[in-house]
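K.L.:
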Amino acid sequence: MKNWLSTLKTLIWKDLLQEWRSKDMLTAMLAFAILSIFIFNYAMELDPRQRAELAPGILWVVITFSGTLGLNRSFVAEQEQGSFDALVMAVPGLGSIWLAKQISNFLMMLVLIVIVLPIYSLLYNQNLFIPGLILTLILGAWSFSAAGTLLASMTAQTRMRDLLLPVLLFPILMPVNMAVVKAGTGIMTGAALASYQVWLSVLLVYGIIMTTISLLVFDYVILE
Amino acid sequence: MRIELQGVSKAYGRLSVLKNCNLVLESGQLLCLLGSNGAGKTTLLRVASGLLSADQGKLLIDKEEWSLKSPEWRRMCALVAHKTFLYQNLSGLENLHFFSRLYQRNLTEKDLRERLAEAGLARAGDKQVRAYSRGMQQRLTIARALLSDPDVLILDEPFTGLDKDGSAMLVHMLTGLKGRGAMILMTTHDPQAALAVTDGFVRLNRGVLGAVNWVNGRGWKEIEESLYAQGTPEGQAA
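Chains as they are written, first to last, in my numbering: chain A, -6 to 217; chain B, 3 to 240.
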């Protein structure tokens, strides 16, 4: 277990250091996210009630689309010089490769959320720093990166990865998308917890199931 | 130690790339795999290193059957392939540090710098790999592969990109590895460069592996004649 954790830490350190130096993922994600928020802001004239109802939806669309760009970039370093093979040979449990990449992608999503929330709040004159909404986005980001990292590891080996990843990912993410938007809208409009609690449970369960499945099938995905 | 690959076959769809290949390697031996482009050399090396599933075949280590896909087997092997397996945004030292930690080798910075110096990269250790020339990357690739002190070293065209000094360094490293009992399987298009350390040559022709031609002090011309005069061993053709 100690070795497993040490391997995990080493893999995450490598991913973060690579990203810090190259800024491949963050640049693509942030540029897209900020542009999208501006476009939504100019495209829609909303009154305060509509803003509260639509904010979680707009925010989640921006986060998932930007996140998909990041996911596509997340395996580039491994593909560039074939270092994924070296990881497979060096790491005893291949699940740790997936988990490390998943945690790195999740951290990138958190950075994205941390930057996007104040910009959105400023442009729409709306306070989004509500603990319930932030928790919903964090749960959504975990589920998104869990499913996305597994699919990105498969599509990274194909020539059409930029197209293939969203086509495969978004149908699988339907429960997450619905849950984030429904729970977020409930929180933003001040509805009772009981009315959206089920959606938070969906997010939690989806995240656990997707994490477990990914850990179980990653060996097969990589070696077959 | 003795490892045996028995009856290894691999097809991509209807294209049969490896046909019932058998290979034996013993401690301290270096076998050189020859064959034209598309003969199946890289596929055989990837199957042997556990990175690619074989359709058929088994691995025996000291007559005990092992799975070619087992993590234990993969960790016994080290592979130098066409791609460098290096992270371009990390320095040479950081790459070695990263892989040494994955292998739980706990090598200190001093140890790693010594490895870099052995590979002729003492002064380039802190530069990012993307600033390295092809030859420097190949030197670092070899140093990376040797970090785990592997029992089995698999090399796919390791002389690619190396200058005269680099080739001499590689031959020196291979001699050292053989001396400590490692088994080495290597492909090359320049068999004469490897002759000094090679124990035997084996030819892969359209997925069919021939018998081993042992060097036994013979010159390359003589080996080449017997290697190419040799027909396909009976029972190996598909």
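Even glycine gets a Cβ: it sits at the ideal position worked out from N, Cα and C. Source: prediction; values computed, not measured.
Would you mind reading off the limits of the beta strand (DSSP E) that contains Leu70 (chain B)?
P.N.:
The sequence position of residue 70 (chain B) within the second sequence is 68, counting from 1. Looking at the DSSP string, Leu70 (chain B) is not in any beta strand (DSSP E), and its letter there is neither H nor E.
K.L.:
Please list the residues of the stretch 64 to 75 of chain B that have a C-beta atom closer than 9 Å to any C-beta atom in chain A, keeping them in chain order.
P.N.:
Taking 9 Å as the Cβ-Cβ cut-off against chain A, the residues of the stretch 64 to 75 of chain B that qualify are Lys71, Pro73 and Glu74.
K.L.:
Show which residues of chain A have a CB atom less than 7 Å away from the CB atom of Leu88 (chain B).
P.N.:
As a first step, residue 88 (chain B) must be located in the second sequence, where it is residue number 86. Per Cβ cutoff of 7 Å: Gln74 and Ser76.
K.L.:
Along chain B, in chain order, which residues have C-beta atoms closer than 7 Å to that of Thr3 (chain A)?
P.N.:
Within the first sequence, residue 3 (chain A) is the residue found at index 10, counting from 1. Going along chain B in sequence order, the residues near Thr3 (chain A) (Cβ under 7 Å) are Phe100, Arg103 and Leu104.
K.L.:
Should the stretch 89 to 101 of chain A be called in touch with the stretch 157 to 173 of chain A, which here means at least 3 C-beta pairs below 8 Å?
P.N.:
Flag = no, the stretch 89 to 101 of chain A and the stretch 157 to 173 of chain A do not touch.
K.L.:
List, from N- to C-terminal side, the alpha helix (DSSP H) runs of 4 residues or more that fit wholly inside the stretch 94 to 155 of chain A.
P.N.:
124 to 148, all fully within the stretch 94 to 155 of chain A.
K.L.:
Use the C-beta contact count for Thr204 (chain A): other C-beta atoms within 10 angstroms, 16 or more gives buried, fewer gives exposed.
P.N.:
Locating residue 204 (chain A) in the first sequence gives position 211, where the first residue counts as 1. It is buried - the Cβ of Thr204 (chain A) has at least 16 other Cβ atoms within 10 Å.
K.L.:
The beta strand (DSSP E) with Met185 (chain B) in it runs from where to where?
P.N.:
Counting from one through the second sequence, the residue named residue 185 (chain B) turns up at place 183. That run of the beta strand (DSSP E) goes Met185 to Thr189.
K.L.:
From this set, B:Ala147, B:Asn24 and B:Glu116, which residue's C-alpha is nearest Ile5 (chain B)'s C-alpha?
P.N.:
Within the second sequence, residue 5 (chain B) is the residue found at index 3, counting from 1. If we check each option's Cα against that of Ile5 (chain B), B:Asn24 comes out closest.
K.L.:
Give me the DSSP bridge partner(s) of Ser93 (chain B).
P.N.:
The residue you call residue 93 (chain B) lines up with position 91 of the second sequence. Ser93 (chain B) pairs with B:Gln130.
K.L.:
Please check if any C-beta of chain A sits within less than 8 Å of the C-beta of Ala13 (chain B).
P.N.:
What you label residue 13 (chain B) is simply residue 11 of the second sequence in a count that begins at 1. No, Ala13 (chain B) lies away from the interface with chain A (no Cβ there is under 8 Å from its Cβ).
K.L.:
Listed from N- to C-terminal order along the chain, which residues in the stretch 11 to 37 of chain A have their beta-carbon within a distance smaller than 8 Å of any beta-carbon of chain B?
P.N.:
Within the stretch 11 to 37 of chain A, the qualifying residues are Gln11, Arg14 and Ser15.
K.L.:
Spell out the partners DSSP gives Ser150 (chain B) in its beta bridges.
P.N.:
In the second sequence, counting from the first residue as 1, residue 150 (chain B) sits at position 148. For Ser150 (chain B), which the question treats as bridged, DSSP gives no partner whatsoever.
K.L.:
Can you tell me which of the three DSSP states Glu6 (chain B) falls into?
P.N.:
Here residue 6 (chain B) is taken as the residue at index 4 of the second sequence, counted from 1. Reduced to three states, the DSSP call for Glu6 (chain B) is strand.
K.L.:
What is the rounded straight-line gap between the Cα of Thr189 (chain B) and the Cα of Leu46 (chain B)?
P.N.:
To locate residue 189 (chain B), count along the second sequence from 1; it is residue 187. To locate residue 46 (chain B), count along the second sequence from 1; it is residue 44. Answer to the nearest angstrom: the Cα atoms are 10 Å apart.
K.L.:
Considering just the uninterrupted stretch of the beta strand (DSSP E) at Ser18 (chain B), what are its terminal residues?
P.N.:
Looking up residue 18 (chain B) in the second sequence gives position 16. That run of the beta strand (DSSP E) goes Leu17 to Glu28.
K.L.:
Taking the C-alpha atoms as reference points, what is the distance between Ala139 (chain A) and Leu110 (chain A)?
P.N.:
Numbered from its first residue, the first sequence carries residue 139 (chain A) at position 146. Numbered from its first residue, the first sequence carries residue 110 (chain A) at position 117. Approximately 22 Å, taken between the alpha carbons.
K.L.:
Should Ser67 (chain A) be flagged as near chain B, meaning a C-beta pair shorter than 8 Å?
P.N.:
For the purposes of this step, residue 67 (chain A) is identified with residue 74 of the first sequence, where counting begins at 1. No, because no Cβ of chain B sits closer than 8 Å to the Cβ of Ser67 (chain A).
K.L.:
Relative to the C-alpha of Ala145 (chain A), which residue among A:Leu19, A:Lys7, A:Leu39 and A:Gln72 is closest?
P.N.:
In the first sequence, counting from the first residue as 1, residue 145 (chain A) sits at position 152. Ala145 (chain A) has its Cα closest to that of A:Gln72, out of A:Leu19, A:Lys7, A:Leu39 and A:Gln72.
K.L.:
Taking the alpha-carbon of Gly221 (chain B) as reference, which of B:Gln8, B:Ala196, B:Lys129 and B:Arg141 has the nearest alpha-carbon?
P.N.:
Reading the second sequence from its first residue, position 219 is the one you call residue 221 (chain B). The candidate whose alpha carbon is nearest that of Gly221 (chain B) is B:Ala196.
K.L.:
If you count every other CB in all the chains shown that lies within 10 Å of the CB of Ile201 (chain A), and 16 or more means buried, which is it?
P.N.:
What you label residue 201 (chain A) is simply residue 208 of the first sequence in a count that begins at 1. Exposed.
K.L.:
Going by C-alpha distance, which of A:Val195, A:Leu1, A:Gly179 and A:Lys(-5) is nearest Leu92 (chain A)?
P.N.:
For the purposes of this step, residue 92 (chain A) is taken as the residue at position 99 of the first sequence. The shortest Cα separation from Leu92 (chain A) among A:Val195, A:Leu1, A:Gly179 and A:Lys(-5) belongs to A:Leu1.
K.L.:
What in chain A is Cβ-close to Lys85 (chain B), meaning under 7 Å?
P.N.:
Mapped onto the second sequence, residue 85 (chain B) falls at position 83. Ordered by position in chain A, the residues that pass the 7 Å Cβ test against Lys85 (chain B) are Gln74 and Gly75.
K.L.:
Given a cut-off of 8 Å on the beta-carbon distance, is the pair Thr79 (chain B) and Ser51 (chain B) in contact?
P.N.:
As a position in the second sequence, residue 79 (chain B) is number 77, starting the count at 1. As a position in the second sequence, residue 51 (chain B) is number 49, starting the count at 1. First, the amino acid is wrong: residue 79 (chain B) is Cys here, not Thr. The answer is yes: Cβ separation under 8 Å.
K.L.:
Look up Arg103 (chain B) in the DSSP assignment and give the residues it is bridged to.
P.N.:
As a position in the second sequence, residue 103 (chain B) is number 101, starting the count at 1. Paired residue(s): none; Arg103 (chain B) is not in a bridge.
K.L.:
Measure the CB-CB distance between Arg103 (chain B) and Ser(-1) (chain A) and report whether it falls below 8 Å.
P.N.:
Within the second sequence, numbered from 1, the residue matching residue 103 (chain B) stands at position 101. Within the first sequence, numbered from 1, the residue matching residue -1 (chain A) stands at position 6. Closer than 8 Å, so yes.
K.L.:
Would Gly15 (chain B) be called buried (16 or more neighbouring beta carbons within 10 Å of its own) or exposed?
P.N.:
Locating residue 15 (chain B) in the second sequence gives position 13, counting from the first residue. Gly15 (chain B) should be labelled exposed.
K.L.:
My understanding is that Val26 (chain B) touches Gly209 (chain B), with C-beta atoms under 8 Å, so please give their C-beta distance in whole angstroms.
P.N.:
By 1-based counting over the second sequence, the position of residue 26 (chain B) is 24. By 1-based counting over the second sequence, the position of residue 209 (chain B) is 207. 19 Å between Cβ atoms; not a contact.
K.L.:
Just the chain A side, please: which residues come within less than 7 Å of Arg205 (chain B) by C-beta, in chain order?
P.N.:
Looking up residue 205 (chain B) in the second sequence gives position 203. The premise fails here: Arg205 (chain B) is roughly 25 Å from chain A at the closest Cβ pair, so nothing lies under 7 Å.
K.L.:
Check the Cβ of Met82 (chain A) against every Cβ in chain B and list those closer than 8 Å, keeping chain order.
P.N.:
Taking the first sequence and counting its residues from 1, the one referred to as residue 82 (chain A) is at position 89. Per Cβ cutoff of 8 Å: Ser51, Gly52, Leu53, Arg76, Arg77, Cys79, Ala80 and Leu81.
K.L.:
At which residues does the alpha helix (DSSP H) containing Phe31 (chain A) begin and terminate?
P.N.:
In the first sequence, counting from the first residue as 1, residue 31 (chain A) sits at position 38. Note, Phe31 (chain A): alpha helix (DSSP H), Asp17 to Ala36.
K.L.:
What first and last residue would you give for the alpha helix (DSSP H) that runs through Leu196 (chain A)?
P.N.:
By 1-based counting over the first sequence, the position of residue 196 (chain A) is 203. Per DSSP, Leu196 (chain A) belongs to the alpha helix (DSSP H) from Leu186 to Leu216.
K.L.:
With 16 as the cutoff for other CB atoms within 10 Å, does Val107 (chain A) come out buried or exposed?
P.N.:
Stepping through the first sequence from its first residue, residue 107 (chain A) is reached at position 114. Its Cβ having fewer than 16 others within 10 Å, Val107 (chain A) is exposed.
K.L.:
Spatial neighbours of Gly9 (chain B) within its chain, please: C-beta separation below 8 Å, excluding the five flanking residues on both sides.
P.N.:
Translated into the one-based positions of the second sequence, residue 9 (chain B) becomes position 7. Closer than 8 Å at Cβ, skipping near neighbours: Asn22, Cys23, Asn24, Gln58, Gly59 and Lys60.
K.L.:
With Gly59 (chain B) as the anchor, note down where its beta strand (DSSP E) starts and where it stops.
P.N.:
Walking along the second sequence from the start, residue 59 (chain B) turns up at place 57. That run of the beta strand (DSSP E) goes Gln58 to Ile63.
K.L.:
Alpha carbon to alpha carbon, how far is Asp64 (chain B) from Ala215 (chain A)? Give it in angstroms, no decimals.
P.N.:
Position 222 of the first sequence holds residue 215 (chain A). Position 62 of the second sequence holds residue 64 (chain B). Going by the sequence as given, residue 215 (chain A) is Ile instead of Ala. So the two alpha carbons sit approximately 28 Å from each other.
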